[in-house]
Amino acid sequence: MIRRFAFLALSIAALGANAADIAQPALKAGVLSPALPAPALTLDGTDGKPLDLDRFRGKVVLLAFGFSNCGEVCPITLATLAGARRKLGTEAAQVQVVYVTVDPERDDATQMRKFLGSFDPTFVGGVGTRAQIDAAQKSYGISSTRTVHADGGYSIGHSSSIYIIDRAGKLRAVMPYGHPADDFVHDLKILLRG
Amino acid sequence: MTRRLRIAWLLPLLGLLGAALWAGFAPIHVAREKLFEIPKGTYARRMSGDKVEILPEHIRLTLGLDDVLLLRNLDEVPQVFGPTIMMPGQSFRLPFEKAASYQFVCTAHVSGQITILVVDEPVMPWEKIRWRMRRWLGK
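Below is the structure:
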């Protein structure tokens, strides 16, 4: 009798686990499995505090890399993320956008704060020395290439994906560049309720 | 032409017609995820000068059929695939929803690049036949 009951209990538990797996809707973003702790950042935040991802624990973090003089990719990414936060309504308070510069020579905290603030005042930028930025890029597999123009100025081609870090600080997913705000809303709602 | 000879011609023809009708009208059932693995020792072999190609330089996916790319890093070192870095033992499941050609950085390649071509789902019979032929030929 006890054996039969134990078998029944195990079967129900297994069914419940399967149901949980099935019930978890697929993300639009690319999913990393198993999810590992997001690489730490040793940078300065544009909000005047050290940019430690641990302080956003409990929120879903959208992390991306770019620079304030970017004329193409970064404005689109930031406008998309700002749009996603607007669409989330009150749930947006549980989402933190972090944008790390790949151009520390030109982007200081003031410059980045001004740039990010034009999209959404809650966005936090990451700035630091060239060595600190290089370390951050390396830990997330970010590549960037500088192209010098005839007038002496330069532009930077860089990886443009958005890293999605869950409430527990794990790097769960990566959204390639070009997805609309609705795709972020879709995934954020899953992660905020999951 | 004798009756036996006529039948000898007719049977393969009917068989071919049947196969074409099946290929053009039967629903296509394939695994949604297209799996590629970066084997253990890839980095070490590369470092020793072996120009080993683990993944194809071009991967073709079809919307609605096999439109999810699944990569597994079985190597001992992290590997960068396009939008992300995969730690040893990690997998990356990337769904596609738009037909386009996607260029990604990929450290598992000697060239450092990988192209993912995502095409629309075959709807018309001749599109399905072409899709099946391509798959049959391993392209």
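In order, the protein sequence lines correspond to chains A and W. Numbered by the numbering used here, the letters in the first sequence go through residues 1 to 194 in order. Numbered by the numbering used here, the letters in the second sequence go through residues 1001 to 1139 in order. For every residue, glycine included, the Cβ atom is placed at its ideal position computed from N, Cα and C.
Asked, Found
"Chain-ordered neighbours of P176/A on chain W, where CB pairs are closer than 8 Å", "G1082, P1083, L1094 and Y1102"
"7 Å CB neighbourhood of D47/A in its chain, flanking five on each side removed", "V124"
"Supposed close pair L63/A, I165/A - CB separation, criterion 8 Å", "6 Å"
"Cβ of S1111/W within 7 Å of any chain A Cβ", "no"
"Proximity to K1051/W [Cα-Cα], best of D1067/W, W1009/W, G1112/W and K1034/W", "G1112/W"
"Inter-stretch contact (C-beta, 8 Å, three-pair minimum) for the segment 75–93 of chain A and the segment 38–56 of chain A", "no"
"For W1022/W and A1008/W, the rounded distance between their alpha carbons", "22 Å"
"Cβ-based contacts, 7 Å cut-off: residues of the segment 126–142 of chain A near chain W", "Y140 and G141"
"Min CB distance M1047/W to chain A below 7 Å", "no"
"Where T101/A falls, given that 16 or more other Cβ within 10 Å makes a residue buried", "buried"
"Euclidean distance between Cα positions of A92/A and G66/A", "22 Å"
"Reduced DSSP category for H1058/W - H, G, I as helix; E, B as strand; rest coil", "strand"
"Whether T1107/W touches V1080/W by CB criterion (7 Å)", "yes"
"Same chain, Cβ closer than 6 Å to I1129/W, five either side skipped, listed in chain order", "A1023 and G1024"
"Nearest to K72/A (by Cα), restricted to the options G178/A, R193/A and D187/A", "Rather than Lys, the amino acid found at residue 72/A in this sequence is Glu. Ranking G178/A, R193/A and D187/A by Cα distance to E72/A puts G178/A first."
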